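Residue numbers (full-length UniProt numbering), protein chains in the order written: chain W, 1 to 338; chain R, 1 to 338; chain E, 1 to 338; chain S, 1 to 338.
Notes for the one structure printed next.
4 protein chains.
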Amino acid sequence: MDYLDLPRNRQMNKIKNIGVLTSGGDSPGMNAAIRAVVRGSIYYDIEVTGFLRGYEGLINNDFIPMDRKSVANIIQRGGTILKTARSEAFRTVEGRQKAYENLKANGIDALVVIGGDGTFTGANVFSKEFDFPIVGLPGTIDNDLVGTDFTIGYDSAINTVVDAVDRIRDTAESHDRLFIVEVMGRDSGLIALRSGIGVGAEAIMIPEANMNADDILHKLEHSRKDKSSKIIIVAEGDDTGGAFKVGEILQEKYPHYDTKVSVLGHIQRGGKPTCMDRVLASRLGVVAVEGLIQGESGVMVGQINREIVFTPFDHAIKHINAEKVSSKWLKLIDILSF
Amino acid sequence: MDYLDLPRNRQMNKIKNIGVLTSGGDSPGMNAAIRAVVRGSIYYDIEVTGFLRGYEGLINNDFIPMDRKSVANIIQRGGTILKTARSEAFRTVEGRQKAYENLKANGIDALVVIGGDGTFTGANVFSKEFDFPIVGLPGTIDNDLVGTDFTIGYDSAINTVVDAVDRIRDTAESHDRLFIVEVMGRDSGLIALRSGIGVGAEAIMIPEANMNADDILHKLEHSRKDKSSKIIIVAEGDDTGGAFKVGEILQEKYPHYDTKVSVLGHIQRGGKPTCMDRVLASRLGVVAVEGLIQGESGVMVGQINREIVFTPFDHAIKHINAEKVSSKWLKLIDILSF
Amino acid sequence: MDYLDLPRNRQMNKIKNIGVLTSGGDSPGMNAAIRAVVRGSIYYDIEVTGFLRGYEGLINNDFIPMDRKSVANIIQRGGTILKTARSEAFRTVEGRQKAYENLKANGIDALVVIGGDGTFTGANVFSKEFDFPIVGLPGTIDNDLVGTDFTIGYDSAINTVVDAVDRIRDTAESHDRLFIVEVMGRDSGLIALRSGIGVGAEAIMIPEANMNADDILHKLEHSRKDKSSKIIIVAEGDDTGGAFKVGEILQEKYPHYDTKVSVLGHIQRGGKPTCMDRVLASRLGVVAVEGLIQGESGVMVGQINREIVFTPFDHAIKHINAEKVSSKWLKLIDILSF
Amino acid sequence: MDYLDLPRNRQMNKIKNIGVLTSGGDSPGMNAAIRAVVRGSIYYDIEVTGFLRGYEGLINNDFIPMDRKSVANIIQRGGTILKTARSEAFRTVEGRQKAYENLKANGIDALVVIGGDGTFTGANVFSKEFDFPIVGLPGTIDNDLVGTDFTIGYDSAINTVVDAVDRIRDTAESHDRLFIVEVMGRDSGLIALRSGIGVGAEAIMIPEANMNADDILHKLEHSRKDKSSKIIIVAEGDDTGGAFKVGEILQEKYPHYDTKVSVLGHIQRGGKPTCMDRVLASRLGVVAVEGLIQGESGVMVGQINREIVFTPFDHAIKHINAEKVSSKWLKLIDILSF
């Protein structure tokens, strides 16, 4: 597929009005993506309609027409101006039928959906059910999609974690403390992995590896004694059961340690997107429109090795992070905290 | 007392070597305070010795001589380079006796202690017991000391809270959610109060006021329906029992709300100090030295209405925040969230 | 005057619709102030109208009705949603006449103007000319108004400077460089003064003091040699002629120094307001409305020693910073960089 | 070459002591790189020596032995703890001879040099001249090296630019202004390119493209009139002659615009490194050591498509950015500002 050099008069295509929505958990950069979809559509002389609260907006016919002005000065804002939600109704045939009828009634002939695996699962069913053109944009802090090196929001989230843990390091260092810090990632340890390296963590506990509390203990006992503060990063989806559980085990077995637990929580979803997330969202957003123009559907647009790649929805959501969490990254943490 | 215009040859005073330490919970700006004590002492031709881990350093004779270089480039750093701790031993007569002997042996003839109420309680006893000159600097994020409008670290902490809750607002707004956010302040609602105004909170729950979960419910039910996200700030010392308890109550009575809880935790102690905290620490740090030169002891140096004020330790720790938490501030929150 | 505890039924007052505008150079916290004026007015059952681009909006009848929603989620935003401008037309009788007619035609019976000395000069004339109730809010990064300890935006601006100079310190320290950094302040050295202390500057050059390049040279030559990086903060209004001029002089007389110049410029006007600026703007904004209700006019509302103070416009703009720039602050810089 | 899974007993190699230095312009992440080289060496049982101020340290025999503790808590710091400089002496045969003798005398048998093209040019000559093993790490904010997708510091620098221009956008938007913002990049427009997309710039002017002031004028005149603020990003190396020159031309031809110029300057070199820069520096730093163990020399270690790549110094410095600045990126800016 061609991209970013389509002729503007290529508009022999039948797409007149693209609907755009954000769905699932929000991530920094979603606004930059919306902006790119809107500006990209206008550039190719296509109208754009924003649906509110994800698939709920389709079902409830809750939408706003978008123009250049609607997306002015939002590239730097966290959250999503289109709001987002998880939709139970869209899982039912009736819900999707209603959504389809609203789309037809409003003259929308294609959709760009911005979200993660739940979003794409719904898009996949809907697209096939009604033969409706949909292209997806990977908007999630978790980076747990196949078909893109990075998802929109991941870079921002790990920088938020790094900023928060740098603060914790200040106080940990002052008090010679051990901190167990829980970061987001229900099925994926990718946030924990990169931010763990970024903050100089002693160890990380993630679903993809099987380090347990005993391993941590062993590591702490055999690590150099000259380090005053120690930080363990735990992914919320880790098998041990989260930071509080880990803290409890360590405290019990290791009572001479001054152990504290911190769960970073929802601060990880908000804040200004980083430059990388803005650039990624801007590029993929325009290409999503160009993909629809060229007949793509049922695919997510991503970036692999800096190249644009389209991946079918059912493959994108496969949660194969093996490649992304190779044992070499874990080894790197070992070497650096040695 | 004169300050910031003492003649440098005023050194008819008997102080030759000032010990400095940080004690209790750390706060941003402690390093700026240490720097000011060191540089101020050197300016007046006095030697300075840094004791590590608060009163533990006195007892264990754990110290480092400080020169200009020791405090270069630390004004912007969170935490404390002298480290901090709470000392059980210093509560015993034996502990304090040991500390006194070490001070004498090392030729230290005055102390500057940086910390909060616990720190000053210890200093008060020690100073009287051994007739030892001590001046205190208010270093705590809680702002709960009498004798200063602001403590060193408070401004930084509320800005950290504001930054974190701004992020939460992004996601709350995207999802139309109600967030209960817990901030530090075991005995004092001052962090909650100012940061609550700063983030545009719907309500705050603090030890000094008696708003309970029912009041919050009432407020939420009667507030305008057009606001999509709502944020309640809870001080950890609030009577209701913290953010999780509040969240539980609200969730139960108000099941149609999408309620989330976030406990900000130790990120509030770390990070770069704000300009105000650096300036406050710099000014008070130098004045603490000048106070000792002029014979002050058993007092905390603070700033009230921009003027330097010395307050006896036993008055400084009285936890009278009445003035600081006037009902007018609570009214302001009501008006702004009306 | 009472404030923050007026009865809501006090509405025997004749004010039905308050106009609000921002004028002159923008400052962080102006949006928080607008929000407080709007919410405060609504609380007291008064309508609010926002005029665009300062006095230009009055003259061109360019306005928008404001409700709670108009100011939702703006407390954290830099700039001003009402936009701002300097108005030549408002300096003419005709211009002001036009403005007055528009106000009458729209049923506006009082104004809150947010800005600095230029804004208040215009308000002062207009208020007297047409006997029109106006209360001013001090919105400027310069902190150069009499009648308030701090202006809205000053704290944010000095933190922006501190953040920028911390970055410069990183590279200055790595290269053993001398940096001359110019900060805003055409008539006032207050930004330079506080941020200079905050960044640990070697010296500051401000309009209120008469340190010249030779003094700086002398200071650098006699200061300790053990410090690798040196930073001089210059207010743009300093007599020597700005950072480039100072850099030139130092470079020539002191060729063995690796001297660099940095002019921070307009980044100082933008960015999120700090917590202090948000709280100040929130408080003063509500009180401005309450002042109008109680018959105040021709005054700026400020905060001195944490108390609300009303100051006549012509006194507020007198540029007497003597108090704010006492020699003790300059002495403090000397001691800390000794 | 293998990496991150070498056996630790592989120490049949002859390297006993690695020297490490930073040279040329500093960049955020250099400290993270130093830390990784030190920890990686220790892990493989190699001693490490830090030379101060780049090649000057080699020539002046100015060094410090490094242990784990020397690099504790520096991963988050901007600048370089080893300091940096440009060395004239190292360009002479005598200088390099001196350096070589010092290295031999101190038992250093390999070097890791962290820097940009100047650094690698020197390393290349030295390595060949004395058959001395050297591996380079790409530490520069410019991202202008062949052999790595990103250099250490680039991601941090573009985020600093984005943060600064976001602030400028606030004030530009409030005043309906046109800003010309100059960013670093003497030979390369890569900082301008990505940050330009990140801030939603109307246009960028870079050495690699030939957009001149007239093109900008044309663009501004034909762009939509509904946008109140406009931002042009200019790379310092652009042919037109920098932001002030561009501002002058635009102001003259386009007098009705309120045009302002801002040169971001050295703030771009400092500040905390982003997570991406920390991870990149950590990974490449360890691999540099492993490369030396396995006999690599005269090469820079980089990362292309997430894979480790070694590139000979003379190729790395070739300044071929064609690939990195494709016309598609410029088209993207056009579409987004359309």
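C-beta: ideal position from N, C-alpha, C; glycine also.
Since this is a predicted model, take the numbers as computed values, not measurements.
Asked, Found
"Among Gly237/S, Gly136/S, Thr22/S and Asp142/S, the one whose alpha carbon lies nearest that of Met205/S", "Gly237/S"
"Every unbroken alpha helix (DSSP H) within the stretch 29-90 of chain R, with a cutoff of 4 residues, ordered by chain", "30-43 and 55-59"
"Neighbour-count burial assignment, Ala105/E, 16 or more Cβ in a 10 Å radius", "exposed"
"Distance, Asp142/S Cα to Thr151/S Cα", "7 Å"
"Neighbouring residues, chain S, relative to Thr171/E (Cβ below 7 Å)", "Asp26, Gly79, His266, Arg269 and Gly270"
"Which residues DSSP lists as bridging Val112/E, in chain order", "Val20/E and Val135/E"
"Inter-residue Cα distance where the pair is Phe132/S and Met276/S", "31 Å"
"Residues that Ser282/R contacts on chain E, provided the C-beta gap is smaller than 7 Å", "Ile197, Leu332 and Leu336"
"Cβ contact check for the stretch 262-277 of chain E and the stretch 301-314 of chain R: 3 or more pairs under 8 Å", "no"
"Secondary structure of Ile320/S, DSSP reduced to three states", "coil"
"Top-ranked residue by Cα proximity to Val181/R, from Leu332/R, Gly78/R and Ala243/R", "Ala243/R"
"Contact residues within the stretch 141-171 of chain S, judged by C-beta distance below 9 Å to chain E", "Thr160, Asp163, Ala164, Val165, Asp166, Arg167, Ile168, Arg169, Asp170 and Thr171"
"Terminal residues of the beta strand (DSSP E) in which Gln303/R lies", "Val299 to Ile304"
"Per DSSP, cross-strand counterpart(s) of Ile231/S", "Phe179/S"
"Simplified DSSP state of Ala209/W, which is helix, strand or coil", "coil"
"Span of the beta strand (DSSP E), counted from its first residue to its last, around Asp130/R", "It should be noted that the sequence gives Phe, not Asp, for residue 130/R. Looking at the DSSP string, Phe130/R is not in any beta strand (DSSP E); the run it does join, the alpha helix (DSSP H), is Asp117 to Phe130."
"Residue(s) in a DSSP beta bridge with Ser262/E", "Val181/E"
"Chain E contacts made by the stretch 56-76 of chain R, where a contact means CB separation under 7 Å", "Arg68, Lys69, Ala72, Asn73, Ile75 and Gln76"
"Integer Cβ distance of Gly196/W from Ile333/W, believed to fall under 8 Å", "6 Å"
"Neighbour list for Val286/E in chain R, Cβ cutoff strictly below 8 Å", "Leu332, Ile335 and Leu336"
"At least three beta-carbon pairs within less than 8 Å, the stretch 50-62 of chain W to the stretch 25-32 of chain W", "no"
"Anticipated Cβ contact below 8 Å, Thr140/W with Gly116/W, distance rounded", "3 Å"
"Local Cβ density within 10 Å of Asn210/S, reported as buried at 16 or more and exposed below that", "exposed"
"C-beta neighbour in chain S for Met211/W, strict 8 Å", "no"
"Reduced DSSP category for Phe244/S - H, G, I as helix; E, B as strand; rest coil", "helix"
"Per-residue burial, Pro207/S [other beta carbons within 10 Å of its own, 16 or more giving buried]", "buried"
"Asn124/R versus Asp149/R: straight-line alpha-carbon distance, rounded", "21 Å"
"First and last residue of the uninterrupted beta strand (DSSP E) at Ile267/E", "It is not in any beta strand (DSSP E) - Ile267/E carries neither H nor E in the DSSP assignment."
"Identified DSSP bridge partners for Thr311/W", "Met300/W"
"Residue-level contact to chain S via CB, Ser41/E, 8 Å cutoff", "no"
"Length of the line joining the Cα atoms of Val38/R and Ala288/R", "11 Å"
"Under 9 Å by beta carbon: chain W residues contacting Val263/R", "Ser262, Val263 and Gly265"
"Limits of the unbroken alpha helix (DSSP H) element including Lys98/R", "Val93 to Ala105"
"Nearest to Ala157/R (by Cα), restricted to the options Tyr44/R, Arg194/R and Arg86/R", "Arg194/R"
"Interface partners of Ser174/E on chain S, CB under 7 Å", "Asp26, Gly79, Thr80, Lys83 and Thr84"
"Of the listed residues Ala72/E, Arg86/E and Tyr44/E, nearest to Leu52/E (C-alpha basis)", "Arg86/E"
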